[in-house]
Amino acid sequence: MTGFVNGAYRSALLLLPATLAATLAVAAPPARAQELDQAVPREQAGRAQRVLSDPEALFRRVLTHIQDEYVDEVERRDLYYAAIRGMVRALDPHSDFLDPQAYRAFQDDLSGIYGGAGFQVEYRGGQYEIVKVFPESPAERMGLRAGDVVLEVDDRPLVGLAMSEIVARMRGDVGTVLGLRLRRGEEPPFEVRLVRQVVELPTVQAEFLEPGYVLVRIHYFHENAATRLDEQLRTLDARSPAGLRGAILDVRDNPGGVVDEAVGIADLFLSEGVIVSTRGRADDENEERTAHTGSRWESLPIAVLVNGYSASSAEVLAAALHDNARATLIGEQTFGKGTVQRLVELLDGSALRLTVSRLYTPAGEPIQGNGIVPDLTVGAAREDPAREPPLRESDLPGALGSGADAADDAPVFDAAARIDDLAVRLAYQVLRLEERRRRQPPPPVVP
């Protein structure tokens, strides 16, 4: 669906004890000290004004000092990458500069297939927490759990790194080893070594909840998500003698992905109306996406499950179906990430991910910083009751403001799991009520 720990080193330098500062001043050679004393007035008189009007000159001067005088030799490319990354991250939490390694990991995310350990990590409560472990993955076999906190990757702490950099370090060639240092609750930190394998992220999973009713879990909006959902619904519809009678779309914990896929899924259930609109500074970023008639699911009763970790494209889908009176929203207020990032590929294999527009619901409301409020509020049953409530977009540093019967071999959800999930149970009841309402004869017309 990008990390936020910065400034520690700068603060440390600014807060040097006075005695140390004095020692540093005395330690300078007399000739050099005299040179500095003479240079400062000249710079103040002759260059200060130019620096104010030409920040590029200031950048070049700092770069020269680092290259000529820093205690260790530094690769020029590393300095430029760091400067670009700092410049872009000063804009908002979702704009980023991706070096070639991070860009390859980002492309893997869009395809949903990569070499890795098979878990999802998010920045929550000031730490990097595992929120999902995929079935049959190296992480599952090693016993990693949701709630484990990642402290180090290959003996390197994560402090100060963006999420794109962390993901890039965790990914790698199939068969290579990934070393992790983790913490679980109040237990002492522990280390594991995992052999990377091909991981295919579960994009869409549609299964029967009851005869004629399906529960669709949309984990991510990867490439071809809309096509996969349509295919799975058609398969289940063919297995149900009376056809599908209702669907629950579950986008809880969905961090987003490709906006076009969210638009495509919304279009499966709409015959007309606005799906989402974008507004940016450039004219070509102002766009309104609308539905097309012709889908076989246009009249299928649906409900949508959301929570505080439903973000970006998940919010686009929820708002589109809600504002067009096609779905009841159930759960918690969503995350509120309502911006669009454009990806610009650069010549050296790196990429710029730049925020270019904000997202607006069919009703014209900004998603950014606000999120989507459900019709029926159902709190999540969290594994750890002590866990902090969801961090929302507006909490992030630098966040932008809002400006019928199944076949015997068909998959069926475990009944106990279904009963435990209050939101799913409520959504099922909503769909049954909607079905009953549709069966009622229209009221008589009084002449």
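In this note's numbering, the protein residues as written are 704 to 1150. Don't be surprised by glycine CBs; every beta carbon is placed ideally from N, CA and C. What you are looking at is a predicted structure, and each value in this text was computed from that prediction instead of being measured.
Here the alpha carbon of V765 sits roughly 45 Å from the alpha carbon of R848.
For S867, the enclosing alpha helix (DSSP H) begins and ends at M866 to M873.
Fully contained in the stretch 769-802 are the following alpha helix (DSSP H) runs of length 4 or more, in chain order: 779-792. Here A950 is buried. Its C-beta has 16 or more other C-beta atoms within 10 Å. Beta-bridge annotation (DSSP): S980 is paired with E991 and Y1063. Counting C-beta atoms within 10 angstroms of its own C-beta, R1141 has fewer than 16 neighbours from the protein chains shown and is therefore classed as exposed. When DSSP states are grouped into helix, strand and coil, A929 belongs to the helix group. Approximately 6 Å separates the beta-carbon atoms of L861 and Y831; this is inside 8 Å, confirming the contact. According to DSSP, residue pairing for I833 in a beta bridge involves V824. When the five nearest sequence neighbours on each side are left out, the beta carbons in the same chain lying within less than 8 Å of the beta carbon of V777 are those of I769 and Q770, in order along the chain. Residues of the same chain with a CB within less than 6 Å of the CB of V895, apart from the 5 flanking positions on each side, are M845 and L883 in chain order. Between the alpha carbons of Q1132 and D799 lies a distance of about 43 Å.
Counting the other Cβ atoms within 10 Å of the Cβ of R779 gives fewer than 16, which makes it exposed.
For R992 and P1065, the gap between their C-alpha atoms comes out near 9 Å. Taking C-beta separations shorter than 7 Å and ignoring five residues to either side along the sequence, the partners of Y806 in its chain run G1052, S1053 and A1054, following chain order.
In the DSSP annotation of this structure, G915 is not part of any alpha helix (DSSP H), being labelled neither H nor E. With contacts defined as CB atoms closer than 8 Å, V1059 and A965 fail to qualify as a contacting pair.
Put simply, the backbone Cα of Y784 is about 12 Å away from that of L1049.
Ranking Q935, S980, V824 and V917 by CA distance to the CA of R1061 puts S980 first. Excluding the 5 residues flanking it on each side, A929 has same chain C-beta neighbours closer than 6 Å at E964, G967 and I968, in chain order. DSSP places V1019 within a helical segment (H, G or I) once states are collapsed to three. Straight across, the Cα-Cα distance linking T938 with D1078 is about 30 Å. In this structure the stretch 990-1008 lies against the stretch 1033-1042, because at least three pairs of beta carbons, one per stretch, are closer than 8 Å.
T767 sits in a helix when the DSSP states are folded into three classes. With respect to the 8 Å criterion, V902 and Y817 are classified as neighbours on the basis of their beta carbons. Counting of Cβ neighbours within 10 angstroms places N989 among the exposed residues, the total staying below 16. When only Cα atoms are considered, A1014 and P892 end up about 31 Å apart. Beta-bridge pairing by DSSP links A909 to V919. For A1022, the number of other beta carbons within 10 angstroms of its own is at least 16, and it is reported as buried. Within 10 angstroms of the beta-carbon of F762 lie fewer than 16 other beta-carbons, which makes it exposed.
Here Y817 carries a strand assignment [DSSP, helix/strand/coil].
Collapsing the DSSP output to three states places F1038 in coil.
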